[in-house]
Amino acid sequence: MNKVLFFAHLRDVVGEEFLMVEAAGKTVAELKAELAGKYDLPRLETVMTAINEEFASNDEVIKDGDEIAFIPPVSGG
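In the numbering used here, the protein residues as written are 2 to 78.
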């Protein structure tokens, strides 16, 4: 199992701070597509992804027990 953390507006859309999902063997892109479809998540292509607190690319393969975080871009001044 994998813990998937959501931040900012993604947390609001999903309605949870995190989900436990079976993501081992999938790429980050595959997980994004799966979650976008299930939860109608907006614009995941602009979201940064971290696996085990290190930034990861969309082609990174997720392992069992990895913690995945989706972090939207932050704007401000």
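In this text, a Cβ means the ideal position worked out from N, Cα and C, and glycines have one as well.
In this structure, the CA atom of glycine 66 is about 25 Å from the CA atom of aspartate 13.
In this structure, the beta-carbon distance from threonine 50 to alanine 57 falls below 8 Å. For valine 75, the number of other beta carbons within 10 angstroms of its own is below 16, and it is reported as exposed. Note on geometry: alpha-carbon atoms of glutamate 23 and isoleucine 63 lie some 10 Å from one another. Annotation for glutamate 31: the continuous alpha helix (DSSP H) segment containing it runs 29-40.
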